[in-house]
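Chemist: One line per chain: the protein sequences are A and B, in this order. With numbering that gives the first Met the number 0, letter number 16 in the first sequence gets 15, and the count goes up by one each step, no holes. With numbering that gives the first Met the number 0, letter number 144 in the second sequence gets 143, and the count goes up by one each step, no holes. The beta carbon of each residue, even a glycine, is placed where N, CA and C say it ideally should be. Can you keep this structure in mind? I'll have questions shortly.
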Amino acid sequence: MTVMGGGSSSPQPYGGGHQSTNLGDILERVLDKGLVIAGDIQVNLLDIELLTIKLRLVIASLETAKAVGIDWWETDPWLSSKGKRAEIEGAQQDLEVENRKLRDRIAELEAARREPVAEPVEVEDAEFEDDEVDDDR
Amino acid sequence: MTADHGVWVYAVTGADLPDEAVSDVTGVAREAVRAVSAAGLTAVVGTVPLGEFGEEALRSNLENLEWLETVARTHDAVVSAVVRWAPAIPLRLATVYLDDARVCDVLEARRADFDAALTLVAGRTEWGVKAYADVDAIAAGAVETAGSGAEKGTGTAYLLRRKAQLSAREDAERAAADRADTLHALLLQHSAAGRRQPPTDPTLSGRRDRMVLNGTYLVDDARSDEFAEAVAAARTQFDGLELELTGPWPPYSFAGVDRGNP
Numbered sequence: 000m001t002v003m004g005g006g007s008s009s010p011q012p013y014g015g016g017h018q019s020t021n022l023g024d025i026l027e028r029v030l031d032k033g034l035v036i037a038g039d040i041q042v043n044l045l046d047i048e049l050l051t052i053k054l055r056l057v058i059a060s061l062e063t064a065k066a067v068g069i070d071w072w073e074t075d076p077w078l079s080s081k082g083k084r085a086e087i088e089g090a091q092q093d094l095e096v097e098n099r100k101l102r103d104r105i106a107e108l109e110a111a112r113r114e115p116v117a118e119p120v121e122v123e124d125a126e127f128e129d130d131e132v133d134d135d136r
Numbered sequence: 000m001t002a003d004h005g006v007w008v009y010a011v012t013g014a015d016l017p018d019e020a021v022s023d024v025t026g027v028a029r030e031a032v033r034a035v036s037a038a039g040l041t042a043v044v045g046t047v048p049l050g051e052f053g054e055e056a057l058r059s060n061l062e063n064l065e066w067l068e069t070v071a072r073t074h075d076a077v078v079s080a081v082v083r084w085a086p087a088i089p090l091r092l093a094t095v096y097l098d099d100a101r102v103c104d105v106l107e108a109r110r111a112d113f114d115a116a117l118t119l120v121a122g123r124t125e126w127g128v129k130a131y132a133d134v135d136a137i138a139a140g141a142v143e144t145a146g147s148g149a150e151k152g153t154g155t156a157y158l159l160r161r162k163a164q165l166s167a168r169e170d171a172e173r174a175a176a177d178r179a180d181t182l183h184a185l186l187l188q189h190s191a192a193g194r195r196q197p198p199t200d201p202t203l204s205g206r207r208d209r210m211v212l213n214g215t216y217l218v219d220d221a222r223s224d225e226f227a228e229a230v231a232a233a234r235t236q237f238d239g240l241e242l243e244l245t246g247p248w249p250p251y252s253f254a255g256v257d258r259g260n261p
């Protein structure tokens, strides 16, 4: 059996708890799953619910969470190092794509200007040329 | 038990728990893990200082991801040790009582719930299957193929290409979602129960491609090889999806249907 990265360390049964197991996988289960019974320490229900909601906010959108002032993960090296790396990579890729699109668009616009085909951009030029012709008369 | 200490509950099992079953693990407060029995059930517990695990302390500690990671891994390790020994119901993190008597009260009061859950999970193991699709790459491939014939250099051609990109992305997303549905249905055939959960954010999973399936399955132990083979076969069958199998897990996701009503 193949266990990919993020999985537990097979073949040992119940690899849970091993450092190799993805923390996200563990949190997803111990915080959000597992039988809920009311303890004497009441924090368990209310606050874990809150924490789960916060995790969900991260899951839903980092931006949304930041917008409502929840940014506790940013000070945490575990989340922020990973988060930052992903964010930077993503931003660089997006910039590259946008750059390439812009360069293509400029090339197209320049090519279009050189062609005498009537495109919206050329309309003004055409009128201007007409005026010039009038002046020459 | 003194007023300074509470009882952290890891799991509940129907079997007697011999000392050797949990002698290799220590609890969230590095305490020895022990058993509290009542009503034919055994709660696996540890005595924890309320200075760290009381209401006030938990409130702030749960916000500290480093603390949370250690506690979550330890909780999971103890639960896993119990499940290795006998079928057990994992309790959600941070279930704390003031003393053993209160734990016994709960075992007696909730006996029917624990019995029902134990019946469901006995002889079965939880497995996680996540499927990822690189929607952007699939869409880009489709546009390359479709857009190669279009003439370049005009605004119309640009708009056509842009439109093709957008619809290719939609198509790729729809196709990936359809395959995830099919995969989930297929895996259900090899398991006793299964459910889909919201996808994990790339920040938590550390991946950039889209998670299209976050499934968790309760599989008969006798069929665990069959399930693993089904996942392996799906890797080839579902071209374009990358599959990740995690587990075996204690049956966290199948511990109780009434989790909303404590």
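Please go through the same chain and pick out, in chain order, the residues whose beta-carbon is closer than 7 Å to the beta-carbon of Ala233/B, but skip the five residues on each side of it.
Modeler: Within the same chain, Ala233/B has close Cβ partners Leu182, Leu185, Leu242.
Chemist: At the 8 Å Cβ level, is Ile36/A part of the contact set with chain B, yes or no?
Modeler: yes
Chemist: Going by C-alpha to C-alpha distance, which of Ala176/B, Leu159/B, Ala254/B, Asp219/B sits closest to Gln188/B?
Modeler: Asp219/B
Chemist: Assess contact between the segment 55-74 of chain B and the segment 122-129 of chain B, defined as three or more Cβ pairs (one per stretch) separated by less than 8 Å. Is contact present?
Modeler: no
Chemist: At a CB-CB cut-off below 9 Å, which residues of chain A make contact with Ile137/B?
Modeler: Per Cβ cutoff of 9 Å: no residues; Ile137/B is ~16 Å from chain A at best.
Chemist: Can you pull the chain B neighbours of Leu145/A, defined as C-beta to C-beta under 7 Å?
Modeler: Nothing can be reported for residue 145/A, as the shown portion of chain A is limited to 0 through 136.
Chemist: Pull up the DSSP beta-bridge partners for Trp7/B, would you.
Modeler: Gly45/B, Val95/B
Chemist: Residues of chain B with CB under 7 Å from Asp93/A, in chain order?
Modeler: In chain order: nothing, as chain B lies at least about 11 Å away.
Chemist: Given a threshold of 16 other Cβ atoms within 10 Å of its Cβ, counted over all protein chains shown, does Thr41/B qualify as buried or as exposed?
Modeler: Per the 10 Å Cβ criterion, buried.
Chemist: Within 10 Å of its beta-carbon, does Asn98/A have 16 or more other beta-carbons around it, so buried, or fewer, so exposed?
Modeler: exposed
Chemist: Are any of the Cβ atoms in chain A nearer than 8 Å to that of Glu172/B?
Modeler: no
Chemist: Could you check how far apart the C-beta atoms of Pro89/B and Leu117/B are, in whole angstroms? I think they sit under 8 Å.
Modeler: Incorrect: roughly 12 Å between the Cβ atoms, too far for contact.
Chemist: Once DSSP output is grouped into helix, strand and coil, what is the label at Phe253/B?
Modeler: helix
Chemist: Please name the residue in Asp103/A, Ala106/A, Val29/A, Arg113/A whose C-alpha comes closest to that of Leu67/B.
Modeler: Val29/A
Chemist: From Arg173/B to Leu61/B, what does the alpha carbon distance come to, in whole angstroms?
Modeler: 38 Å
Chemist: Leaving out the 5 sequence neighbours to the left and right, which residues in its chain are closer than 8 Å to Ala176/B when beta-carbon positions are compared?
Modeler: Excluding sequence neighbours, Ala176/B sits near Val211.
Chemist: Got a sec: is the Cβ-Cβ distance from Asn43/A to anything in chain B below 8 Å?
Modeler: Only weak support is given to the placement of Asn43/A: the predicted model assigns it a pLDDT of 48, under 50, and the question is left unresolved by the model.
Chemist: Can you pull the chain A residues whose beta carbon is under 8 Å from the beta carbon of Arg109/B, in chain order?
Modeler: Ile36
Chemist: Please state the DSSP three-state secondary structure of Asn98/A.
Modeler: helix
Chemist: Got a sec: does the ligand HEM put a non-hydrogen atom nearer than 7 Å to the Cβ of Arg234/B?
Modeler: With respect to the ligand HEM, the structure shown offers nothing to examine, as it has no ligands at all.
Chemist: For Trp248/B, list the residues DSSP reports as bridge partners.
Modeler: Glu125/B
Chemist: Report yes if the CB atom of Gly26/B is closer than 8 Å to the CB atom of Val35/B, and no otherwise.
Modeler: no
Chemist: Any C-beta of chain B sitting closer than 8 Å to the C-beta of Ile40/A?
Modeler: yes
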